[in-house]
Amino acid sequence: MTTGASSAGADAGTSAGLSNLLHEERRFPPSPEFAARAVAGPDLYERAAADRLGFWEEQARALRWERPWERVLDWQPPFAQWFVGGQLNVAVNCVDRHVEAGLGDRVAVHWEGEPGDTRTITYAQLKDDVCRATNALLELGVRKGDRVAIYLPMVPEAIVTMLACARLGAPHSVVFGGFSAEALRSRIDDAQAKLVVTSDGGYRRGKASALKPAVDEAVAQTPSVEHVLVVRRTGGEVAWTEGRDVWWDDVVPRQSAEHAAEAHDSEHPLYILYTSGTTGKPKGILHTSGGYLTQCAYTHRNVFDLQPETDVYWCTADIGWVTGHSYIVYGPLANGATQVVYEGTPDTPHKGRWWEIVQKYGVTILYTAPTAIRTCMKWGDDVPAQFDLSSLRVLGSVGEPINPEAWVWYRRTIGGDRTPVVDTWWQTETGAIMISPLPGVTATKPGSAQVALPGVVADVVDDTGASVPDGGGGYLVLREPWPSMLRTIWGDDQRYVDTYWSRFEAMYFAGDGAKKDEDGDLWLLGRVDDVMNVSGHRISTTEVESALVSHPKVAEAAVVGATDPTTGQGIVAFVILRGAAAEAAAEDAEAGEAVVQELRRHVAKEIGPIAKPRQVMVVAELPKTRSGKIMRRLLRDVAENRSLGDVTTLADPTVMNLIGQGLGSGS
Ligand code: WTA
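Counting from 1, position 618 in the sequence shown corresponds to residue 619 in the numbering used here; the numbering is continuous, with no gaps.
Written out as structure tokens, the structure is:
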């Protein structure tokens, strides 16, 4: 890691206005009415500072434990165990407990399908559904400790399956439905999953899109899989493997709605979720039970000011990402919240679909990503203006740095200038929100995630690991273990140690650049490693490069994330073609364009459409240092149309001229 703090800023999706950012003067203090009835008070910070572990114990007591813990924390750096000796069942905490408390008739999920079909699921119904699914998993041979892969669209069965796995103690591995067969195969294989739960397909952009073919392709090469359980969603034709494939409708509904749940150890694995790292191989982030659920519930309650009796909460994330895990499934359900779950895209059948949903269900808390906010800004204020958004009272943002303009637009246009906006920083690895304002407490600043939550200890350090003073910039670190932290990388403890705990002594290295302003508030500046953030999705440059060089026409490839006004970053690939393909492309612009499109499709097929490069540039050379390392910084300059930075460390400074000549061939 040689990237300095200053170039961390240049790497950030929102770098353009960085110096402006830190001069952002607008402040939005909470209204006295909001503060008076807010869940969180300033005392939280004081209590956590006085006794951090005691504070986390207090949060854990909000859950139902079948056996109390003996020790809050066992910290053998960098391996942590929380609430050691305690036992609980995560699904019971998310469902049964609320039914037993007399809340069975409360709506857990208002589900809205993209074509407009709906389902309303109360906590009592959810409990029955989860028990039936649990019994079905047992019938299919799944036992405590077995891994279950979930490759589903945003249908209620996704939530039900996750909870059934949690109930049994069979860790789930949810794979985003937009990932390719190959991405699914490698994830199933790494986790050695025994069962895959999928569907015939789902609805995206007004069309049924199939999912099962990708599963068939993947499972053909994964001997660990014994059964594929298939939810019927679109009614489309599916290929069928007798003995292996089973319809959900054939096995789940006929099961008993009773299942006596076993209590699992606090540290029992709850799930694996794969995320891109700086190498081509995704990391299986492992989360466990007691600490994870504690922090999900605590943050969901305090950061969103959840009033479970009256709020209607909506998180627009997909269940395939960590945001869907922590803030659609585990946090909201542990808190007995009522939420909206929407299957489809924001502009189907029209660009006001989201706002129509807010109006229809009276959504009070909305949690979404900056890319979506910027897209809505582009579509124009008159779209949300057609709907009644007055129910909204808290707005959240996650996944990428939010530029002050988008932040202010969100508050004004969506929040009617009354709602607090909480910019929440966290990662798949952290499991739950770590840095965020608290509504009703914090005077918010557009563009800044501001302060570590009570119980969390964050800092910004320089290259040597020394804390920077207010006004300084460097790397974001976490100084103390936290309950929902990843426990390891599945099957690779060494990679866990190397990736997160080796850059700085005794600190967790997040991979993000950050600044402290004069008030000590934190501004997140984006990744400092080779991970891109495209529309809030993490994609590694190496992964895209591997996909490109797996194409027979490609000799070499380098990929960078270039600033994009809507998606934060866009993927720009530089490729050197092999002999005949190179000659054809050089001679004929049409042939060049055809190969560019072919490569874009190839990446989408290898990884998934989210990884499709925005641009592919065919070049004759790549800029390398004398030790052969590709200088991405220079490629980023090219991709962002900047004048070139320092080229003196290049092995051959003239290659940049060659690259400049190749710039005609874009997408
Ligand atoms: C980025 C998503 C700035 C960051 C929950 C982090 C953010 C990565 C923010 C994790 C934010 C997330 N401001 N950047 N509020 N939230 N990020 O694992 O670079 O998909 O390291 O988790 O997203 O992405 P992941």
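Idealized CB from N, CA, C, for every residue including glycine.
Which runs of the alpha helix (DSSP H) spanning at least 4 residues fall entirely within the region 489-553, listed in chain order?
494-502 and 542-550
For K379, count neighbouring C-beta atoms within 10 Å of its own C-beta (all shown protein chains included) and say buried if the count is 16 or more, exposed if not.
exposed
DSSP state of V656 mapped onto helix, strand, coil:
Helix.
D129 classed as buried or exposed, judged by whether at least 16 other C-beta atoms fall within 10 angstroms:
buried
In chain order, what residues of the same chain lie with their CB nearer than 6 Å to the CB of A612, ignoring the 5 residues before and after it?
I540, V545 and V604
Helix, strand or coil for V247, going by three-state DSSP, please let me know.
strand
Kindly indicate which residue of P154, G278, V313 and V239 has the alpha-carbon position closest to the one of T339.
V313
Looking at the strands, I want to know which residues DSSP matches up with C316.
For C316, DSSP records a beta bridge to Y368.
Closer than 6 Å: D424 CB and nearest the ligand WTA heavy atom:
Yes, since a heavy atom of the ligand WTA falls inside the 6 Å radius drawn around the Cβ of D424.
Roughly how many angstroms separate the alpha carbons of V247 and L230, rounded to a whole number?
5 Å
Using only CA atoms, which one of A137, S327 and P566 lies nearest to P405?
P566
Straight-line Cα distance separating A556 from A582
10 Å
By alpha-carbon positions, which one of L127, I160 and W83 ends up nearest to V198?
Looking at the Cα atoms, I160 is the closest of the given residues.
Considering only heavy atoms of the ligand WTA, does any lie closer than 6 Å to the CB of V182?
In the sequence as displayed, the identity of residue 182 is Ala instead of Val. No, the beta carbon of A182 sits no closer than 6 Å to any heavy atom of the ligand WTA.
Taking only three categories from DSSP, how would you classify G281?
coil
Contact test: D513 Cβ vs the ligand WTA heavy atom, cutoff 6 Å:
yes
Nearest-angstrom beta carbon gap, P484 and W57 [assumed within contact, 8 Å]:
6 Å
Nearest candidate by alpha-carbon position, reference K446, set V469, V156, R48 and D518
D518
Kindly give me the distance between the Cβ atoms of P385 and I415, rounded to whole angstroms, as I take these residues to be in contact under 8 Å.
Sure, about 6 Å apart at Cβ, within 8 Å.
Measuring alpha carbon to alpha carbon, tell me which residue in Q451, P553, Q88 and V108 is nearest G291.
Q88
Given 6 Å as the limit, tell me if G400 has its C-beta closer than that to any heavy atom belonging to the ligand WTA.
yes
Check whether the region 618-638 and the region 187-201 are in contact - that is, three or more C-beta pairs closer than 8 Å.
no
When the Cα atoms are used, what is the spatial distance from P43 to M632?
47 Å
State the start and end residues of the unbroken alpha helix (DSSP H) segment that holds R579.
Note, R579: premise wrong, no alpha helix (DSSP H); not H, not E.
Return the CA-CA distance between A219 and R188, expressed in angstroms with no decimal places.
10 Å
Residue from G114, G441, V395 and P371 with nearest C-alpha to V535
Out of G114, G441, V395 and P371, P371 has the C-alpha closest to the C-alpha of V535.
Verify whether the separation of the beta carbon atoms of L396 and A335 is less than 7 Å.
no
CB W322 to CB V341, shorter than 7 Å?
By the CB criterion at 7 Å, W322 and V341 fall outside the cutoff.
Kindly examine the ligand WTA and report whether one of its heavy atoms sits closer than 6 Å to the Cβ of A450.
Within the cutoff, so yes.
Verify the contact flag: Q428, CB atom, against every heavy atom of the ligand WTA, threshold strictly below 6 Å.
yes
Can you give me the C-alpha to C-alpha distance between G665 and M618, rounded to a whole angstrom?
Note that G665 scores 41 on pLDDT, short of 50, meaning its location in the model is unreliable and no value can be drawn from it.
Per DSSP, which one or two residues make a beta bridge with L196?
V149 and H228
Please name the residue, chosen from L439, Y362 and F388, that lies closest to S398 on a Cα-to-Cα basis.
Ranking the options by Cα distance to S398, first place goes to L439.
One or two residues paired with W76 in a DSSP bridge:
A81
Strictly by DSSP, which residues pair up with H326?
According to DSSP, H326 bridges with nothing at all.
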